[in-house]
Structure formats: structure tokens, C-alpha cells
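The next block holds one structure in the form of C-alpha cells; read it before the comments.
What follows is the structure in C-alpha cells.
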């Protein structure tokens, strides 16, 4: 238990500190790196809660893919963040309102968990503890009770992906593209022409 | 207080785990030293050169001489570099490459952490590996490293997708995310290995899918570890040395050891997922009467042999295959491997539900 407590406080402190650093770092790339640290230590907290499947998925999806693209974009863009920061006082009230709302929600959740215990809130039929691993438990709930919602979420993502492709796809004419099929199908017979050139005359194409 | 109860206390448990971690770390580092030498010898052999042959018998101690040379040199940090990130990058590469070894089952019972989501853990850790490279490329504050970092980010994210799907086919066949269980299911001879369908004669039709899947995994592993023919992040003819241009001395050494540790990890993963891990290629009923440690050591030798075999393949590919162009690399990842492995996932899923093996 003592090891768990040490791990919890270490990870929780890292998450909070990294979260603060995300908004206070001057360099946007550092902000993204701190965000990654926050994700990673949050995954560690999931592991402590016994939700190892969620922890791994968090790392694979958010840290391994989403944050890489994020970092990619931030490194490539030449955004003047000092300029952006200047207007931040104007948006401060809205930001504070959202943060306040989230804090109140979290307090409600914490109070109700403290009063009833976390188990009272899990309604899924496949969530009996102990007998199944949590990957299996999530799978059972996701592919039975919530299968339509799950599929709908997949379709939403697919539409977003197709939308992005449609927006960026351009068919320009007159540019040379590689056609691998045509290249490999080329033989000496179709690919070259043997001509005999008389000296001093050259050839015209 | 007996010996057993001491290992049960937090202090004892911590000591035991640290001991296991150190044992694996030392084993990997020492094997790496000789594998690096082997890599260079194979490469040299293909080119009809002699390769390292001066330090020690047959040049066996070359890696240790190189190690001393790297460590004793001065660390040079470019003046415009982001110092903290610049030094953090190789450390991340190195740590992650070794962190993944925590869940690799080396023999029956020989694993530091036998977690239920072992394969996902490996996948998660290897997807983090890109940060070392992209951070190193950015922090160097120089054009070639930056281009190398961007290339590697796109390349590793692309090939991770097909690796993920290939892993799913194996998970479907084994019905478990636990690496130890995946290996145990392949017991009883090479005809039970996942590459041949994982269930003897009855499972053989699945080999039609699993053999191409193992090839896709191998090629994706080459791309994931930035090995030739996919070493575009460090292509010397285009980017000098890519993301590691500005690195010297120990930070460079950390990058290099991290890269090789990742390669050996991928070799171990191929062995575990497709070729039975520590299982011998024939039934081994005779080991049941052995001392458990001896039996484990026997099993470990099989895994080690398989790792070395796949490492040899990695070395041969490096020597033989010319480098891909970047658009060809992307084409292969997204237009060939991704659709193929996606279809394979559906096919293996159908095989598990409707096939004779349940």
C-alpha cells in the first residue's frame, strides 16, 4: 500500500505540475511536451486505479498519435505566441467560467463517490470485478449494450477523416506522377527504341 | 522473519524487482555489444570486406572499444540548441527502448512484470519512441536534424498503424493480450506457432493469412526502428545523419544503443508473436522432469536463438536492400500494408468465429 501511495502522490503531483507548465511555458513546443508529460502521468494514475487497458489506450492514442501530430504542427507553424498572449486578458472571464464549471462538476462527482462508493455508479452488466480482466469487461459492454453508440462514434470519425481528405485533395493537371504499375510493367521492348545514327546528322526525337 | 516473508515486504519486493531489471538490462547491453559486432561483420561480409577484426579475437571487443571512445569524448551542444530538450531526447530514446523489455517473457516465469495488457504496453511504449527522435531533431536548431525529425514522426506514426492491426490478428488467434499467455498457447511444436495458424493441422488454413502478416510485421518493424531500407530520418545521402547530426559523445551513444535495443526488441516481438517465443520447435515433454531453472534456461536459449536469427535478417536487409524514396515509403505503409492488414483482421476474426478452431 505504501508503494501505491508514493506512486499516486508522485504521479498526481507530476500531472498537476505539468498541467500548470502547459499554460505557463513561453515556448509553444515546451507547452506540448508538458502536455505529453501530463497525459503520460494521467495514464500512470489509471494504472493505479486498476484500469490498465484505459491507461494503455490513453498512451497509444493521445500520446503516441494525437500529440505527435500536435507537436508536428506546432514545430512547423511560425506562430507569434507573444502576440496571441496579449489578448488573453480579454478571454480570461470566459476561461475562468469554464474552469469554475468543471471544478464544480468534479466536486459533485467526488462527493457522490465518497458517499456511495465508486461501484454504485457502474451500471454495466459485464463489470463484475475479479472474474474478467478489464479489457474483456470493456469489450463486453462496448460491443453489446453500447454497440450502436460505439459504431456511431466510429462513423463520426470516418466522416471527419473523409472531410479532411476532401478539403485537401487537389487534382492538378499537367504534373508528373509516379505510376508504379506502369513502371513495373515496362519491358525493354516498350521502354526503349534502338536507332542507328549517321555521324554528323543527329536525330530529331 | 524468514527469507520468503522478506521478499513479500515492500522493501524486499522493490529490491527483487530492481534486481530483475538490472539482470535484464545487463543481459541486453552485453548481448547488444556482440550483436552490434555481428551486424557490422554481416554487413562487411556482404560487401566482401573484413569488418572489425582488430580489437580482441576476431574483433569481438570492438563494441567495448567504441563504447570507451564515445564516453571519453566531449559533449558538444550547439549554441542555438534548446539545451534541456537536446539532452532529454537521447535519454528518452534510451529509457523507452529498455522500458519495453519489462513485459517480454524470456522463459516460463522469467518476466519482470507479467501484466494482462502486455502487448498493448509494448505498443504504447514503442509509439512513444518517436518523441526521442522528434525532440532531438527540433532541439538541435538546425535544418537537417529538423527534417529528419519530421520524417521520422510521419514514418513511425504511419507504420504503427499497420503494426497495430497485425498485432490484433495475433491477439485474435491467441485470445489474450498477455504475452506470456500468447507464448504458452503456441506450445507443442512449430506447427502450433501463430505463423502457421496457431492450432496445428486444424489451424493450418489461417497460415495463409498469418505468414503474410508476419512479413508485414517484419517490414513494419524495419520502418519503425528506422533501419535500412527505411532509414530516411538519418539518410546520409540526403540529410547527412538526420536527427542526430548535432549529437556527439554519450548522447549519440544513447541514441544508438536505444535504436539497437529497439531492433532487438522487435526481433523478440516477432519471435513471441509469430514464432513461439521461448517454445522449442518440437514437443519437449522431457523437460518436465528437469529442475525448473534448467528448463527455463533451456526455453530461454530458444528465444535467444530466434532473436539472433531475426537480428541476422535485419542485418542482411541493411546490407542488401537499397533505400526507399520517401513517397514510396508512405505509399507502402498506407496503400499496401494498411488495407492488407485491415482485411486480415476481418478474415482472422471470421476464422475465429466460423472456423473449426474455437
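Residue numbers (our numbering), protein chains in the order written: chain A, 1 to 205; chain B, 1 to 358. Beta carbons: idealized from backbone N, C-alpha and C, even for Gly.
Suppose the cutoff is 7 Å on Cβ atoms and the five residues either side in sequence are ignored; what does the same chain contact list for residue i look like?
| i | result |
| --- | --- |
| residue 234 of chain B | 148, 226, 241, 242, 243, 244 |
| residue 89 of chain B | 132, 135, 136, 139 |
| residue 103 of chain B | 111, 113, 115, 118, 121, 122, 179 |
| residue 75 of chain B | 248, 249, 250, 251 |
| residue 261 of chain B | 28, 32, 97, 98 |
| residue 334 of chain B | 158 |
| residue 53 of chain A | 134, 135, 138 |
| residue 94 of chain B | 254, 257, 258 |
| residue 349 of chain B | 172 |
Is the Cβ of residue i closer than 8 Å to any Cβ of chain A?
| i | result |
| --- | --- |
| residue 359 of chain B | Outside the displayed range of chain B (1 to 358) lies residue 359 of chain B, so it cannot be described from this structure. |
| residue 102 of chain B | no |
| residue 224 of chain B | no |
| residue 334 of chain B | no |
| residue 121 of chain B | yes |
| residue 237 of chain B | no |
| residue 322 of chain B | no |
| residue 134 of chain B | yes |
| residue 234 of chain B | no |
| residue 28 of chain B | no |
| residue 197 of chain B | no |
| residue 138 of chain B | yes |
| residue 141 of chain B | no |
| residue 153 of chain B | yes |
| residue 124 of chain B | yes |
| residue 172 of chain B | no |
| residue 270 of chain B | no |
| residue 115 of chain B | yes |
| residue 127 of chain B | yes |
| residue 74 of chain B | no |
| residue 10 of chain B | yes |
Excluding sequence positions up to five away, which residues of its chain have a Cβ less than 6 Å from the Cβ of residue i?
| i | result |
| --- | --- |
| residue 160 of chain B | 127 |
| residue 166 of chain B | 213, 216, 217, 341 |
| residue 73 of chain B | 249 |
| residue 196 of chain B | 207 |
| residue 232 of chain B | 151, 326 |
| residue 153 of chain B | 130, 134 |
| residue 191 of chain B | 200 |
Is the CB of residue i under 8 Å away from at least one CB in chain B?
| i | result |
| --- | --- |
| residue 37 of chain A | no |
| residue 191 of chain A | no |
| residue 161 of chain A | no |
| residue 135 of chain A | yes |
| residue 3 of chain A | yes |
| residue 52 of chain A | yes |
| residue 168 of chain A | no |
| residue 75 of chain A | yes |
| residue 186 of chain A | no |
| residue 127 of chain A | For residue 127 of chain A, the predicted structure reports a pLDDT of 47, less than 50, and the residue's modelled location is therefore unreliable. The matter cannot be settled from this model. |
Starting from the Cα of residue i, find the closest Cα among the options and give me that residue.
| i | options | result |
| --- | --- | --- |
| residue 46 of chain B | B/313, B/338, B/349, B/356 | B/313 |
| residue 31 of chain A | A/179, A/40, A/42, A/19 | A/19 |
| residue 336 of chain B | B/232, B/292, B/216 | B/216 |
| residue 344 of chain B | B/172, B/106, B/30 | B/172 |
| residue 230 of chain B | B/320, B/357, B/282 | B/320 |
| residue 361 of chain B | B/10, B/299, B/53 | Residue coverage of chain B in this structure runs from 1 to 358, which leaves residue 361 of chain B outside it and unanswerable. |
| residue 330 of chain B | B/209, B/100, B/191, B/223 | B/223 |
| residue 310 of chain B | B/246, B/346, B/38 | B/38 |
| residue 302 of chain B | B/351, B/350, B/79, B/107 | B/107 |
| residue 70 of chain B | B/176, B/83, B/257 | B/257 |
| residue 236 of chain A | A/152, A/22, A/159 | An answer regarding residue 236 of chain A cannot be provided, because it is not within the stretch 1 to 205 covered by chain A. |
| residue 377 of chain B | B/44, B/141, B/36 | Not covered by the structure: residue 377 of chain B. The range shown for chain B is 1 to 358. |
| residue 63 of chain B | B/49, B/324, B/35 | B/35 |
| residue 274 of chain B | B/169, B/346, B/81 | B/169 |
Tell me whether residue i, by its Cβ, gets closer than 7 Å to a heavy atom of the ligand FMN.
| i | result |
| --- | --- |
| residue 297 of chain B | With respect to small molecules bound, the structure shown includes none, and the ligand FMN cannot be examined in it. |
Given residue i, which residues of its chain have a CB within under 8 Å of its CB, disregarding the five upstream and five downstream residues?
| i | result |
| --- | --- |
| residue 47 of chain A | 55 |
| residue 317 of chain B | 222, 227, 228, 229 |
| residue 188 of chain B | 200, 279, 283 |
| residue 9 of chain A | none |
Touch check for the segment 31-42 of chain A and the segment 55-72 of chain A: three-plus C-beta pairs under 8 Å? yes
Closer than 7 Å between beta carbons: that is the criterion. Which residues of the segment 55-72 of chain A meet it against chain B? 56, 59, 60, 63, 64, 65, 68, 71, 72
Can you pull out the residues from the segment 287-307 of chain B whose beta carbon lies closer than 7 Å to at least one beta carbon of chain A? none
With 9 Å as the C-beta to C-beta threshold (strictly closer), list the residues of the segment 8-29 of chain A near chain B in chain order. 27, 29
Check whether the segment 12-21 of chain B touches the segment 10-27 of chain A, taking contact to mean three or more Cβ pairs, one atom from each stretch, closer than 8 Å. no
Check each residue of the segment 207-221 of chain B: if its Cβ is closer than 8 Å to any Cβ of chain A, include it; give the result in chain order. none
Residues from the segment 250-270 of chain B in contact with chain A, defined by Cβ distance under 9 Å: none
Could you run through the segment 35-46 of chain B and flag, in chain order, every residue whose CB is less than 7 Å away from some CB of chain A? none
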